[in-house]
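Q: Each residue of the sequence shown is one higher than the one before, starting from 2 at the first, in the working numbering.
Okay, handing you the structure first.
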Amino acid sequence: MGNINKKNSNQDDANVLLPIDTPFKFPSPLPTWPSGEGFASGIIDLGGLQVSQISSFTKVWASQEGGPDNLGATFFEPSNLPNDFFMLGSYSQPNNLPLFGWLLIGKDSSGDALKLPNDYTLVWSSENLKIKQDGVCYIWLPIPPEGYKSVGHVVTTSPQKPSLDKIRCVRADLTDASETDDWIWGNDVLNVYSSRPKDRGIKGLGVSTGAFMALNNGAAADSLACLKNVVENFSSMPNLNQIQALFQAYSPLYYFHPDEEYYPSSVTWFFQNGVLLYTKGQESSPVLVQPDGSNLPRDGSNDGAYWLDLPTDDSAKNRVKNGDFHAATSYLHIKPMFGATHTDIALWLFYPFNGPARAKIEFITIPLGKIGQHVGDWEHITLRISNFNGELQSVYFSQHSGGNWVSAPQLEFENGNKPVAYSSLHGHACYSKTGQNMQGNGNIGIRNDTAKGQVMDTGANYTVVAGDYLKIVEPVWLNYAREWGPKISYDIANELKKIERFLPGKLKRAIEKLVKSLPNEVLGEEGPTGPKFKDMWNGDERG
Numbered sequence: 002m003g004n005i006n007k008k009n010s011n012q013d014d015a016n017v018l019l020p021i022d023t024p025f026k027f028p029s030p031l032p033t034w035p036s037g038e039g040f041a042s043g044i045i046d047l048g049g050l051q052v053s054q055i056s057s058f059t060k061v062w063a064s065q066e067g068g069p070d071n072l073g074a075t076f077f078e079p080s081n082l083p084n085d086f087f088m089l090g091s092y093s094q095p096n097n098l099p100l101f102g103w104l105l106i107g108k109d110s111s112g113d114a115l116k117l118p119n120d121y122t123l124v125w126s127s128e129n130l131k132i133k134q135d136g137v138c139y140i141w142l143p144i145p146p147e148g149y150k151s152v153g154h155v156v157t158t159s160p161q162k163p164s165l166d167k168i169r170c171v172r173a174d175l176t177d178a179s180e181t182d183d184w185i186w187g188n189d190v191l192n193v194y195s196s197r198p199k200d201r202g203i204k205g206l207g208v209s210t211g212a213f214m215a216l217n218n219g220a221a222a223d224s225l226a227c228l229k230n231v232v233e234n235f236s237s238m239p240n241l242n243q244i245q246a247l248f249q250a251y252s253p254l255y256y257f258h259p260d261e262e263y264y265p266s267s268v269t270w271f272f273q274n275g276v277l278l279y280t281k282g283q284e285s286s287p288v289l290v291q292p293d294g295s296n297l298p299r300d301g302s303n304d305g306a307y308w309l310d311l312p313t314d315d316s317a318k319n320r321v322k323n324g325d326f327h328a329a330t331s332y333l334h335i336k337p338m339f340g341a342t343h344t345d346i347a348l349w350l351f352y353p354f355n356g357p358a359r360a361k362i363e364f365i366t367i368p369l370g371k372i373g374q375h376v377g378d379w380e381h382i383t384l385r386i387s388n389f390n391g392e393l394q395s396v397y398f399s400q401h402s403g404g405n406w407v408s409a410p411q412l413e414f415e416n417g418n419k420p421v422a423y424s425s426l427h428g429h430a431c432y433s434k435t436g437q438n439m440q441g442n443g444n445i446g447i448r449n450d451t452a453k454g455q456v457m458d459t460g461a462n463y464t465v466v467a468g469d470y471l472k473i474v475e476p477v478w479l480n481y482a483r484e485w486g487p488k489i490s491y492d493i494a495n496e497l498k499k500i501e502r503f504l505p506g507k508l509k510r511a512i513e514k515l516v517k518s519l520p521n522e523v524l525g526e527e528g529p530t531g532p533k534f535k536d537m538w539n540g541d542e543r544g
């Protein structure tokens with residue numbers, strides 16, 4: 002993704018090959034998606050403004066210092082625009098990754114959606130910057146006519162203002178508020194970020210433009226807007242056949258640690274193996290949950306009135322704790338994002354049991370007893386896909402109370418274009434790489450070990466459980482609002498005493514401080530609520 006035409010280059014650095022000089026390519030060609038109304042058609046109508054996603058760029062300027070890994074950043078403008086489409090902004094990316102970016106370009110289909118800027122304001126110049134750079138950079142902010150907004154910058158290597166015909170401003174009602182996202186590059190005066198809509202989620206109409214946002218001396222980030230899908234049209238979203246094709250192409254390969262004891266299962270298997278529904282005030286008479294969950298309460302909130310627990314028989318309890326790898330099912334939630342210009346496929350896995358945590362204190366690894374254990378464990382990763390062409394852009398890996406997005410060039414792929422995910426030992430947090438994945442500070446923290454053991458092809462056994470625009474009939478259990486495990490209070494002080502008796506004084510204090518800092522998801526023996534009652538169900542992912 003991303004083709005470069007070089008407009009400027011520095012001969013002194015001509016032989017230095019940076020990761021960005023090689024455009025990213027997926028391991029396998031993208032398939033031809035099944036036909037549908039508007040998905041992967043290349044153009045989306047936002048309501049009088051047609052937009053297309055373009056990855057053909059002309060390089061304008063680059064620095065060879067600063068930014069991630071101190072490798073600098075490169076700035077681009079779109080090239081090879083189709084007839085009647087206009088530039089709306091410029092793209093920038095750190096040099097430490099292969100080129101993988103896009104910009105939206107616009108076509109006025111209503112007669113007044115786009116207008117030329119009135120003038121330009123110089124945001125910043127690299128004229129006095131003493132770093133390795135390709136000439137001098139000038140970043141300009143278009144000054145829009147009244148009733149219009151700018152959604153991107155223009156970058157030049159000349160102090161003369163760009164031509165007014167270089168870029169277009171967008172009618173204000175077709176725009177929404179934007180904010181900074183990932184840091185791209187910067188110095189004491191200027192910082193450059195990718196941008197995203199402020200209002201994100203399945204109801205959010207803001208559309209990401211792919212353009213960078215430049216902040217001079219910490220200036221407010223509201224000088225640029227994003228676009229907005231004013232028609233609230235879902236015709237660009239994939240239909241069920243297209244979703245199946247997308248998931249077959251991109252279904253993650255999920256690796257479990259070789260020492261893992263607690264595997265996922267299907268929800269049906271969990272219910273079929275003696276799981277009990279408890280009612281507050283009637284704890285002595287729990288009832289078996291039906292295999293389809295039809296006797297679960299479907300109204301109310303997480304009020305503590307009901308909860309699930311494992312069978313009382315020890316052998317049955319241990320069997321359920323271990324899960325059933327072969328019955329494990331991927332549960333998919335299909336979400337429109339960025340004004341239905343992207344599709345998020347949230348993949349949820351259910352684990353009957355979350356195992357105990359382990360801490361690393363300097364060079365010592367210490368089991369934490371009961372700390373971290375709980376019945377029921379919902380974990381997820383999310384695939385973000387462009388509705389312009391069906392291309393996988395990034396994957397979100399959830400980790401306890403947070404997580405992070407990883408762009409396609411940073412992913413590991415196997416079996417074609419299937420991203421690889423790793424489930425941490427016992428805790429089942431999701432990561433993109435193997436390792437200890439420490440949660441804490443320095444050499445003190447909770448270990449989230451990942452390694453290649455058994456692998457689950459999540460595309461082999463999956464079901465679409467939700468997607469409002471698809472009119473999916475949701476399974477009964479999805480609307481169970483209470484906890485999937487009991488809340489058990491144990492004496493943390495006693496657990497710490499069991500651990501600390503083997504430790505010198507300095508390490509005792511360190512582990513006490515660590516345990517007190519842990520989020521509830523790690524600390525307490527308390528079952529989680531189901532996927533539908535988490536913030537990211539209707540919103541964007543955290544991170």
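Yeah, the Cβ is synthetic: ideal placement off N, Cα and C, and Gly gets one too.
These numbers come from a predicted model, not from an experiment.
What would DSSP say about R197, mapped onto helix, strand or coil?
A: Here residue 197 is taken as the residue at index 196 of the sequence shown, counted from 1. If DSSP states are grouped into helix, strand and coil, R197 belongs with the strands.
Q: Considering only residues of the same chain and omitting the five flanking positions on each side of R172, which have a CB-CB separation below 7 Å?
A: For this step, residue 172 is matched to residue 171 along the sequence shown. Same-chain partners within the cutoff: D113, A114, G148 and Y149.
Q: List the residues that DSSP assigns as beta-bridge partners of K229.
A: Stepping through the sequence shown from its first residue, residue 229 is reached at position 228. Answer is G207, bridged to K229.
Q: To which residues does DSSP link S64 through a beta bridge?
A: For the purposes of this step, residue 64 is taken as the residue at position 63 of the sequence shown. Q134.
Q: Residues in its own chain within less than 6 Å of D85 by CB, not counting five upstream and five downstream?
A: Position 84 of the sequence shown, counting from 1, holds the residue named residue 85. Once the five neighbours on either side are set aside, the close Cβ partners of D85 are K108.
Q: Are V193 and N218 close, meaning C-beta to C-beta below 8 Å?
A: The sequence position of residue 193 within the sequence shown is 192, counting from 1. The sequence position of residue 218 within the sequence shown is 217, counting from 1. Cβ distance not < 8 Å, so V193 and N218 don't count as in contact.
Q: With burial defined as no fewer than 16 other Cβ atoms inside 10 Å of the residue's Cβ, what is the status of I21: buried or exposed?
A: As a position in the sequence shown, residue 21 is number 20, starting the count at 1. Buried, because 16 or more other Cβ atoms sit within 10 Å of the Cβ of I21.
Q: Measure the alpha-carbon distance for V466 versus P476 and round it to whole angstroms.
A: Here residue 466 refers to the residue found at position 465 of the sequence shown. Here residue 476 refers to the residue found at position 475 of the sequence shown. Roughly 7 Å separates the two Cα atoms.
Q: What does the alpha-carbon distance come out to for the pair D13 and T59?
A: Residue 13 sits at position 12 when you count from the first residue of the sequence shown. Residue 59 sits at position 58 when you count from the first residue of the sequence shown. Note that D13 has pLDDT 45, beneath the 50 cutoff, so the model's placement of it is unreliable and no number is given.
Q: Below 8 Å, how does it come out for the segment 342-360 and the segment 257-275: are there three or more Cβ pairs, yes or no?
A: Yes, the segment 342-360 touches the segment 257-275.
Q: Taking C-beta to C-beta, are T464 and A452 nearer than 8 Å?
A: Residue numbering aside, residue 464 sits at position 463 when the sequence shown is read from its first letter. Residue numbering aside, residue 452 sits at position 451 when the sequence shown is read from its first letter. In this structure, A452 does not lie closer than 8 Å to T464 by Cβ.
Q: Going by C-alpha distance, which of F213, N319 and P198 is nearest G207?
A: Position 206 of the sequence shown, counting from 1, holds the residue named residue 207. Checking every option, the nearest Cα to that of G207 belongs to P198.
Q: In angstroms, rounded to a whole number, what distance separates the CA positions of A15 and I185?
A: In the sequence shown, the residue the question calls residue 15 occupies position 14. In the sequence shown, the residue the question calls residue 185 occupies position 184. The predicted position of A15 is uncertain, since its pLDDT is 48 and thus under 50; no value can be drawn from it.
Q: Taking the alpha-carbon positions, what's the I244 to L350 distance?
A: As a working mapping, residue 244 is identified with position 243 in the sequence shown. As a working mapping, residue 350 is identified with position 349 in the sequence shown. So the two alpha carbons sit approximately 18 Å from each other.
Q: Sort M457, Y255, P410 and Y481 by Cα distance to F25 and report the nearest one.
A: Mapped onto the sequence shown, residue 25 falls at position 24. Nearest option by C-alpha distance: P410.
Q: Less than 8 Å between the C-beta atoms of T158 and L142, yes or no?
A: Residue mapping note: residue 158 aligns to position 157 of the sequence shown, counting from 1. Residue mapping note: residue 142 aligns to position 141 of the sequence shown, counting from 1. Cβ atoms of T158 and L142: not closer than 8 Å.
Q: In its own chain, which residues sit with a C-beta less than 6 Å from the C-beta of N539, not counting the 5 before and 5 after it?
A: Against the sequence shown, residue 539 aligns to sequence position 538. Correct list, in chain order: G202 and I203.
Q: Hey, S64 and K133 are a contact pair by Cβ (cut 8 Å); roughly how many whole angstroms apart?
A: By one-based count along the sequence shown, residue 64 stands at place 63. By one-based count along the sequence shown, residue 133 stands at place 132. Their Cβ separation, rounded to whole angstroms, is 7 Å, which keeps S64 and K133 in contact under 8 Å.
Q: Does N388 pass the burial test, meaning 16 or more other C-beta atoms within 10 Å, or should it be called exposed?
A: Numbered from its first residue, the sequence shown carries residue 388 at position 387. So N388 counts as buried.
Q: Which complete beta strand (DSSP E) runs does the segment 365-425 hold, if anything under 3 residues is left out?
A: Runs of the beta strand (DSSP E) inside the segment 365-425: 365-368, 375-387, 393-400, 403-408 and 419-424.
Q: Assign L247 to one of two classes, buried (16 or more other C-beta atoms within 10 Å of its C-beta) or exposed (fewer than that).
A: For the purposes of this step, residue 247 is taken as the residue at position 246 of the sequence shown. So L247 counts as buried.
Q: What is the residue span of the beta strand (DSSP E) that N442 lies within?
A: Residue numbering aside, residue 442 sits at position 441 when the sequence shown is read from its first letter. Run containing N442: Q440 to N442, per the beta strand (DSSP E) assignment.
Q: Tell me, please, which residues DSSP counts as bridged to P79.
A: As a first step, residue 79 is located in the sequence shown; it is residue number 78 there, counting from the start. Per DSSP, F58.
Q: So Y255 packs on T459, CB below 8 Å; how close in whole Å?
A: The count along the sequence shown starts at 1 and reaches residue 255 at position 254. The count along the sequence shown starts at 1 and reaches residue 459 at position 458. Correct: roughly 6 Å between the Cβ atoms.
Q: How about G68 and P95: do their beta carbons lie closer than 8 Å?
A: Position 67 of the sequence shown, counted from the first residue, corresponds to residue 68. Position 94 of the sequence shown, counted from the first residue, corresponds to residue 95. Result yes, Cβ atoms of G68 and P95 sit closer than 8 Å.
Q: Apply the 10 Å Cβ neighbour rule to P32 and answer buried if 16 or more other Cβ atoms are within range, or exposed otherwise.
A: Sequence index remark: in the sequence shown, residue 32 carries index 31 (1-based). Exposed is the call here.
Q: Please list the segments of the alpha helix (DSSP H) lying wholly inside the segment 312-365, counting only runs of 4 or more residues, in order along the chain.
A: Counting whole runs of 4 or more residues, the segment 312-365 contains the alpha helix (DSSP H) stretches 315-322.
Q: Going by DSSP, what residues sit across from Q94 in a beta bridge?
A: In the sequence shown, residue 94 corresponds to position 93, counting from 1. Answer by DSSP bridge pairing, in chain order: T75.
Q: When the Cα atoms are used, what is the spatial distance from S93 to A74?
A: Locating residue 93 in the sequence shown gives position 92, where the first residue counts as 1. Locating residue 74 in the sequence shown gives position 73, where the first residue counts as 1. Roughly 7 Å between the two C-alpha positions.
Q: Can you name, in chain order, every residue of its own chain whose Cβ lies under 6 Å from the Cβ of E38, other than the five neighbours on each side?
A: Sequence index remark: in the sequence shown, residue 38 carries index 37 (1-based). Same-chain partners within the cutoff: S236.
Q: Closest to F339 by CA distance: which of P253, E380 and L228 is it?
A: Locating residue 339 in the sequence shown gives position 338, counting from the first residue. Per the Cα distances, L228.
Q: Would you kindly work out how many angstroms separate the C-alpha atoms of S286 and A461, rounded to a whole number?
A: Numbered from 1 along the sequence shown, position 285 holds the residue referred to as residue 286. Numbered from 1 along the sequence shown, position 460 holds the residue referred to as residue 461. C-alpha separation (whole angstroms): 38 Å.
Q: Please classify N84: does DSSP put it in a helix, a strand, or coil?
A: Locating residue 84 in the sequence shown gives position 83, where the first residue counts as 1. Three-state DSSP puts N84 in coil, outside helix and strand.
Q: Return the CA-CA distance between N323 and F271, expressed in angstroms with no decimal places.
A: Here residue 323 is taken as the residue at index 322 of the sequence shown, counted from 1. Here residue 271 is taken as the residue at index 270 of the sequence shown, counted from 1. Each residue's alpha carbon lies about 11 Å from the other.
Q: Using only alpha-carbon positions, find the residue among I55, K419 and S408 that is nearest to P99.
A: In the sequence shown, residue 99 corresponds to position 98, counting from 1. Of the listed residues, the one whose Cα sits closest to P99 is S408.
Q: Between the C-alpha atoms of K281 and G544, what's the straight-line distance to the nearest angstrom?
A: Walking along the sequence shown from the start, residue 281 turns up at place 280. Walking along the sequence shown from the start, residue 544 turns up at place 543. Those two C-alpha atoms are separated by around 36 Å.
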